[in-house]
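Student: FYI, the numbering for the first sequence is 746 to 1164, going by our numbering. For glycine and all other residues, C-beta sits at the position ideal for the given N, C-alpha and C. It should be emphasised that the depicted structure is a prediction, and the values quoted were computed from it without experimental measurement.
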Amino acid sequence: MADKYRSIRGMADILPGEAKLWQRVEAAARRVFELYGFREIRVPLLEPTELFARSIGETTDIVEKEMYTFSVGTSGPYTLRPEATAGVVRSYIQHRLHLDPAARKLYTLGPMFRHERPQKGRYRQFHQVNAEMFGYPGPRADGELIVMLMSLLGELEVPDARLHLNTLGCPECRPDFKEELARFLKARAKELCKDCRRRAKSNPLRVFDCKKETCQAILKGAPTVLDMMCPGCRDHFEGVKSILEKAGIGYRLDPYLVRGLDYYTRTAFEVKTDMLGAQDALGGGGRYDLLVKELGGPSTPAVGFALGVERLILLLKKAVKEEAPGLSVYLALLGDDAWDAGFELARGLRREGIDCEVPLDARSLKSQLRYADKLGARYVFILGEEELSRGAGTLKEMATGLQEDVRVEDLVDFIKKRL
RNA sequence: GUGGGUGUAGCUCAGCAGGUUAGAGCACUUGGUUGUGGCCCAAGAGGUCGGGGGUUCGAGUCCCCUCACUCACCCCA
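#1: Going by C-alpha to C-alpha distance, which of H981, E1154 and G1129 sits closest to Q1113?
#2: So within the region 836-908, which uninterrupted alpha helix (DSSP H) runs reach at least 4 residues, ignoring any that extend past its ends?
#3: How long is the line joining the alpha carbons of C960 and T819, rounded to whole angstroms?
#4: Return yes when the Cβ of H860 is within less than 8 Å of the Cβ of E1055, no when it is not.
#5: Quick check on the burial criterion: 16 or more other C-beta atoms within 10 angstroms. Buried or exposed for G995?
#6: Can you look up P793 in the DSSP assignment and give me helix, strand or coil?
#7: Considering just the uninterrupted stretch of the beta strand (DSSP E) at L1128, what are its terminal residues?
#8: If you count every other CB in all the chains shown that lies within 10 Å of the CB of P827, and 16 or more means buried, which is it?
#9: Do you know how far the Cα of E990 is from the Cα of V1125?
#10: Give the secondary structure of D758 by DSSP, where H, G and I count as helix, E and B as strand, and everything else as coil.
#11: Go to A1032, then tell me how far its beta strand (DSSP E) extends in each direction, as first and last residue.
#12: In chain order, what residues of the same chain have a beta carbon less than 7 Å from the beta carbon of E1097, not counting five sequence neighbours either side?
#13: Would I801 be called buried (16 or more neighbouring beta carbons within 10 Å of its own) or exposed?
#14: Output yes or no for whether 8 Å exceeds the beta carbon distance between F1050 and L908.
#15: Counting along the chain, where does the beta strand (DSSP E) carrying S1044 start and finish?
#16: Nearest-angstrom Cα distance between V903 and L1061?
#17: Per DSSP, what kind of secondary structure is T1018 in: helix, strand or coil?
#18: Look at the alpha carbon of V892 and the alpha carbon of D1082, and state the distance between them as a whole number of angstroms.
#19: Can you tell me the Cα-Cα spacing of F929 and D748, whole angstroms?
#20: In whole angstroms, what separates the C-alpha of E936 from that of V874?
#21: Taking 8 Å as the cut-off, decide whether the C-beta atoms of K865 and Q1024 are in contact.
#22: Using DSSP with H/G/I as helix, E/B as strand and the rest coil, what is A798?
#23: Considering A1137, what are the terminal residues of the beta strand (DSSP E) in which it resides?
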C-alpha cells in the first residue's frame, strides 16, 4: 500500500487486461476514418504555449488554469497539448498542406493533458481520437464528418450515445445574437444565480450550461441563435440537418449547446451519454472557419471533432467482458536437449505466424501445464528426453484433453492445419 | 480551487463497546500423480492495518493533522 512510487495523480496505467479494448477502439477508428478517406497525421505533444492560448482562447478555463506549461533553460514556454486541433492546424499551415489535395482530411490519436481535478471519466492525461477536415465551406463536410463519427460509434456498439446539434452563428450574426442575449440577461439579472450573473458578463453563452432549475426556467424565454441566425448560417444549418436526416441519423436540436473552445463557428455538436455520471460528453466538435487564418495560415474553413477514448472505454466495459488472454501453442519442454529442440520448433512456428511460448525457466510438467492453461493455450506440445529420442512429441488439445503423437518435423504443418 | 465518501494481503472485504501471535474468499507458489492443466484436498508465501502525532496500562479500533483514492461542483473529452 505504501508504495515508494505511484503514478502521478490523474494519469492512469492501461494494464494488459484492458489494452485489448484500447486496441479495438483505435483500430476501429483508423478503419472507419480511412473508409472516409481520412489520413493519419501525428504531431508533437509539446507545442509553444502561445499556440494554445491563441487558438483555444485566452480566457477559457483550459488556458487560464489547466495547462501543463514549462520552460527548459532559455527555451519555451512549452505546453503539453490540452487538445489536438491546435497542433494539427499549426502543422497544416507550416507544411502548406492546403496545396496538397490529399491532405484535407486528417485524423490523429493520442494523449492530451489538462491539469483538472480528476474524477470519473476525467483524467489529467487522457486520450482523444481526432478528425479534422480542411477547405470545405459547405454543409456536406459537416454532414459527412458527423456521419463518420456516428458510424464509428455504431461500429463499436457503444450502448448509449445521442447526438446533440446546434449552430453558433458566424461573425455576421453572432454579435447580434450576443447583444440580444446580453440585453435579455441584464434585464433578468436579479433572478439569476450568482454564477450566471458572472457568466452573463464574461461569456454569455455559458449561462445556458447552468444546471439550476430557476435559471433554466428563465432561459426558456431567452433568444436563441436559431432565431437570429443570418441567411448564410441558416442555409448551412439546414443543409447539415438534411444530410443527417437522409443518412438516418437521429439528433436533438440543442440551442443551449455551447462549445468550450473559442474557435468554433456555425455547426457545433456533442455526443452525450447517460451512463457516465457527470462526465456525459463522449465527444464533440464543430466548425471553425476562422482558426486557420487566425493562426497565420490562408483563410481556410474547417470542421473537426474529438472523441474521448477513456469515456468510450468506460462505456464499452459495461457491455463487454474483459478479454481472456490467448495463445495458440505452448511448448512444454523437459530437459536441456528438449529445450534446444523446442526453441528451434518455436522459431519455426513463429515464422509461420503461429504464436507460441516456450518455458524460460526449468519447471515441472505439472506447473508448465498449469501455466499453459493460465495463458489460455489451445495446444500444448510436450517434449521430453524420451519423446526426443523417438523424434515425436505429445500434442495435447487443452479444451478436450485429447492427446496424440506428432513427429517433431511435422508439428508446424500439423498445427497450421488445425488452427 | 471547493465540498462529500473511502483508505486492513495482489483483488473484494471481515475485524464484534479499544485487550493477547490481524482474518476470510479469490488470485499466487508447492504438493496430493518418478512427466499431464481446469475440479477437489492440503500446505506455503504474502500486511510498517495509507503516513505522522496524540489519548490510554494497551490503538486496526478513539482524537488531531496529513497524504492518497473516489464522487460531485466548476469545466470539459
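Tutor: Walking through what the data contain:
#1: Looking up residue 1113 in the first sequence gives position 368. A check of alpha carbon separations from Q1113 across H981, E1154 and G1129 identifies G1129 as the nearest.
#2: Those alpha helix (DSSP H) runs which fall completely within the region 836-908 and span 4+ residues are 884-900.
#3: Position 215 of the first sequence, counting from 1, holds the residue named residue 960. Position 74 of the first sequence, counting from 1, holds the residue named residue 819. Each residue's CA atom was taken as its position, placing C960 and T819 some 49 Å apart.
#4: Taking the first residue of the first sequence as 1, we reach residue 1055 at position 310. Taking the first residue of the first sequence as 1, we reach residue 860 at position 115. No, they are not a contact pair.
#5: Position 250 of the first sequence, counted from the first residue, corresponds to residue 995. With fewer than 16 other beta carbons inside 10 angstroms of its own, G995 counts as exposed.
#6: Residue 793 sits at position 48 when you count from the first residue of the first sequence. Three-state DSSP puts P793 in a strand.
#7: As a working note, residue 1128 is residue 383 in the first sequence. Membership of L1128 in the beta strand (DSSP E) is indicated by the continuous run A1122 to L1128.
#8: Taking the first sequence and counting its residues from 1, the one referred to as residue 827 is at position 82. Flag for P827 reads buried.
#9: On the first sequence, position 380 is the one that residue 1125 refers to. On the first sequence, position 245 is the one that residue 990 refers to. The straight-line gap from Cα to Cα measures roughly 55 Å.
#10: As a working note, residue 758 is residue 13 in the first sequence. Note: D758 maps to coil in three-state DSSP.
#11: For the purposes of this step, residue 1032 is identified with residue 287 of the first sequence, where counting begins at 1. A small fix is needed here, since residue 1032 is Arg in this sequence, not Ala. Counting along the chain, R1032 sits inside the beta strand (DSSP E) bounded by residues A1026 to R1032.
#12: Within the first sequence, residue 1097 is the residue found at index 352, counting from 1. Excluding positions up to five away in sequence, the list reads V1157 and K1161.
#13: The residue you call residue 801 lines up with position 56 of the first sequence. Here I801 is buried: its Cβ has 16 or more other Cβ atoms, across all protein chains shown, within 10 Å.
#14: Numbered from 1 along the first sequence, position 305 holds the residue referred to as residue 1050. Numbered from 1 along the first sequence, position 163 holds the residue referred to as residue 908. For the 8 Å CB-CB criterion, F1050 and L908 do not form a contact.
#15: Along the first sequence, read from residue 1 onward, the residue named residue 1044 stands at position 299. It is not in any beta strand (DSSP E) - S1044 carries neither H nor E in the DSSP assignment.
#16: The sequence position of residue 903 within the first sequence is 158, counting from 1. The sequence position of residue 1061 within the first sequence is 316, counting from 1. C-alpha separation (whole angstroms): 6 Å.
#17: Residue numbering aside, residue 1018 sits at position 273 when the first sequence is read from its first letter. In the three-state scheme derived from DSSP, where H, G and I count as helix and E and B as strand, T1018 is classed as coil.
#18: Position 147 of the first sequence, counting from 1, holds the residue named residue 892. Position 337 of the first sequence, counting from 1, holds the residue named residue 1082. Computed Cα separation, rounded: 60 Å.
#19: The residue you call residue 929 lines up with position 184 of the first sequence. The residue you call residue 748 lines up with position 3 of the first sequence. Going from the Cα of F929 to the Cα of D748 covers about 56 Å.
#20: For the purposes of this step, residue 936 is taken as residue 191 along the first sequence, with counting starting at 1. For the purposes of this step, residue 874 is taken as residue 129 along the first sequence, with counting starting at 1. Going from the Cα of E936 to the Cα of V874 covers about 41 Å.
#21: Here residue 865 is taken as the residue at index 120 of the first sequence, counted from 1. Here residue 1024 is taken as the residue at index 279 of the first sequence, counted from 1. Result yes, Cβ atoms of K865 and Q1024 sit closer than 8 Å.
#22: Sequence index remark: in the first sequence, residue 798 carries index 53 (1-based). Helix at A798.
#23: Here the question's residue 1137 lines up with position 392 in the first sequence. Start and end: A1137 to E1142.
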